[in-house]
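Contents: one structure, followed by commentary.
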Amino acid sequence: NGQEVTTQLEKLSKVQTIIFQTEQPMSLLEACISRFKYLRLLDLSNSSFEVLPNSIGSLKHLRFLNLEGNDIIKQLPDSICKLHSLQTLRLGDCSNLERLPKGIRDIISLRFLWVTTKHTCLSEKAVGCLDSLRLLSISNCENLKCLFERMEGRLTNLRTLLVNECPSLTSLSLSIKHLTALETLIIMECEELSLMEMEGEDNQDLKLSLQKLMIVDLPKLEVLPQWLQGSANTLQSLAIANCENLKALPEWLPRLKSLHTFRIVDCPKLSSLPEGMEALTALRQLKIGGCPDLSRKCREEDSHKIAHVPKIELEEDSGSSSSSLELEEEYYSQHTLIIDNCEEVSLIEEDNQNLKLTLRKLRLSLHKSFWFCPNGSKDLPTLQHLEIENVTISMVLPDWLPSLRPIQTLQITGCPKFLNKRKIMEFLIVI
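If you're matching positions, the sequence shown starts at 1 in our numbering and goes up one per residue.
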């Protein structure tokens, strides 16, 4: 119980990481905050704390705070704004969170922010003042109607923006064109968003840095936005899926001279490619699925437009009801791989070479065979987080485990027949 845990904690002094995996009382959280002043990571995901103690503001070394999945908490204490070293704040799926703290601008080191909120608009007072922000993820915000209101000249360091499942969102606001450092933009499942709010403006001299754009499940999207031309020299990957009313691809599409990968899935009203596709000399991969008229035309009268592309996939059907998931994997699987409830897994085939060379997080939940990447750090040179869950068979970790020098987190849970604890100790000593 909480009292027993608190008693054990009194024997410790230099703890830097705390992960609450089960429901714990507020008294335990308060004890941890009071005792461990050098905490750098505090994971309270899926907890049900109604409030956080004001004392959390005393953790001046804290870099990572995770509250994801807490659907009870309504407000964060203003003292959280004293966390000047905080780099990552995860508030995703906090569905009852009414507002962000007024002084959030004081979290001067914040680089990664995931948020779910009841706000109707994220203004400059909410996130626009976070000049250090590199990644912003906004998801499951039922009331959100607009983003980036009056944020000209703000968020100048933002590299990645993800907007997902915001059913009331109608506008990204004109300020999207001021995100000049933005490299990755992912917009998914926003039923009211058309991306047309900037179409009346002169975008001829617009200079953006977008490299990857993914648009999924935008039923009101009829044409691609003009501001995309601002990334004509930088856009490398364009993916569009489940946009049932997208009628035509723009005539300026061939100006995207850096485009390397182009995927169109389940956009049935598309019937042709624009003239001049031959100008896309950097294009290496084209996939069209679930666009029957477009696929047919690419096989026949428009085939000359794409004859220069090395890899072409043309399918009448999308081939899967989860086309949007496939597109998500295009962006996420390079860094994160989650294998859940599988009997066997192997990551030793040559087909997985690119994945292994960029993988940062690997989570395994297996029942039968535990075998992957026999060469350790040579196969997984970038792996930082390894999680092994619910392995019910006898399990022996591979001999190469201590060679994973970049590893930061090793988590093993629900593995009752884990055999070689000594190897874990060797591993911990190495890192």
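All residues carry an ideal CB built from backbone N, CA and C; glycine is no exception.
Alpha-carbon to alpha-carbon, residue j and residue i
| i | j | result |
| --- | --- | --- |
| residue 145 | residue 163 | 12 Å |
| residue 242 | residue 265 | 6 Å |
| residue 250 | residue 85 | 45 Å |
| residue 97 | residue 116 | 7 Å |
| residue 324 | residue 187 | The pLDDT assigned to residue 324 is 45, lower than 50, so where the model puts this residue is not dependable, and the model offers no usable value. |
| residue 306 | residue 296 | 13 Å |
| residue 276 | residue 76 | 53 Å |
| residue 51 | residue 73 | 6 Å |
| residue 31 | residue 23 | 15 Å |
| residue 274 | residue 196 | 20 Å |
| residue 7 | residue 43 | 21 Å |
| residue 147 | residue 221 | 17 Å |
| residue 256 | residue 169 | 28 Å |
| residue 137 | residue 161 | 6 Å |
| residue 29 | residue 210 | 42 Å |
| residue 510 | residue 272 | No answer is possible for residue 510: the residues shown for the chain start at 1 and end at 431. |
| residue 158 | residue 36 | 32 Å |
| residue 214 | residue 55 | 41 Å |
| residue 365 | residue 383 | 17 Å |
| residue 38 | residue 63 | 10 Å |
| residue 10 | residue 92 | 32 Å |
| residue 268 | residue 292 | 7 Å |
| residue 139 | residue 94 | 10 Å |
| residue 88 | residue 21 | 19 Å |
| residue 216 | residue 408 | 33 Å |
| residue 143 | residue 313 | 39 Å |
| residue 278 | residue 234 | 18 Å |
| residue 248 | residue 40 | 50 Å |
| residue 315 | residue 206 | 35 Å |
| residue 311 | residue 246 | 24 Å |
Where residue i falls, given that 16 or more other Cβ within 10 Å makes a residue buried
| i | result |
| --- | --- |
| residue 119 | buried |
| residue 71 | exposed |
| residue 436 | Nothing in the structure corresponds to residue 436, since the chain is present only between 1 and 431. |
| residue 185 | buried |
| residue 26 | exposed |
| residue 231 | buried |
| residue 90 | buried |
| residue 13 | exposed |
| residue 413 | exposed |
| residue 189 | buried |
| residue 212 | buried |
| residue 254 | buried |
| residue 66 | buried |
| residue 351 | Residue confidence for residue 351 is low, a pLDDT of 46 falling below 50, so the modelled location carries little weight; the figure read from the coordinates is stated next. Exposed is the call here. |
| residue 48 | exposed |
| residue 171 | buried |
| residue 177 | buried |
| residue 16 | exposed |
| residue 226 | buried |
| residue 303 | exposed |
| residue 4 | exposed |
Whole-angstrom C-beta distance between residue j and residue i, which should lie under 8 Å
| i | j | result |
| --- | --- | --- |
| residue 238 | residue 270 | Not really, about 13 Å apart at Cβ, beyond 8 Å. |
| residue 182 | residue 224 | No, residue 182 and residue 224 are not in contact; Cβ-Cβ is about 16 Å, not under 8 Å. |
| residue 218 | residue 259 | Going by Cβ atoms, the distance from residue 218 to residue 259 rounds to 20 Å, so no, they are not a contact pair. |
| residue 363 | residue 389 | 7 Å |
| residue 135 | residue 155 | Going by Cβ atoms, the distance from residue 135 to residue 155 rounds to 11 Å, so no, they are not a contact pair. |
| residue 79 | residue 111 | Going by Cβ atoms, the distance from residue 79 to residue 111 rounds to 21 Å, so no, they are not a contact pair. |
| residue 45 | residue 69 | 5 Å |
| residue 129 | residue 166 | So it is not a contact: roughly 21 Å between Cβ atoms. |
| residue 101 | residue 81 | 5 Å |
| residue 441 | residue 283 | The structure shown does not extend to residue 441, since the chain is modelled only from 1 through 431, so no value can be given for it. |
| residue 386 | residue 410 | 5 Å |
| residue 236 | residue 252 | Incorrect: roughly 17 Å between the Cβ atoms, too far for contact. |
Residues that residue i bridges to, as DSSP identifies them
| i | result |
| --- | --- |
| residue 468 | Here the chain covers residues 1 to 431 and nothing more, so residue 468 does not appear. |
| residue 146 | 121, 171 |
| residue 212 | 184, 237 |
| residue 385 | 361, 409 |
| residue 68 | In DSSP, residue 68 forms no bridge with anything. |
| residue 285 | 261, 311 |
| residue 42 | 18, 65 |
| residue 90 | 66, 114 |
| residue 228 | Bridge partners of residue 228: none, in fact. |
Check: residue i C-beta below 7 Å from any heavy atom of the ligand MG
| i | result |
| --- | --- |
| residue 388 | The model depicted lacks the ligand MG and carries no ligand whatsoever. |
Interface flag, residue i vs chain D, CB-CB below 8 Å
| i | result |
| --- | --- |
| residue 224 | Considering every chain present, this structure includes no chain D. It has just one protein chain. |
Between the stretch 45-59 and the stretch 102-122, can you find at least three pairs of beta-carbon atoms closer than 8 Å?
no
Practice task
Spell out a yes or no on whether the stretch 251-264 and the stretch 284-302 are touching, meaning 3 or more CB-CB pairs, one atom from each, closer than 8 Å.
Solution key: yes
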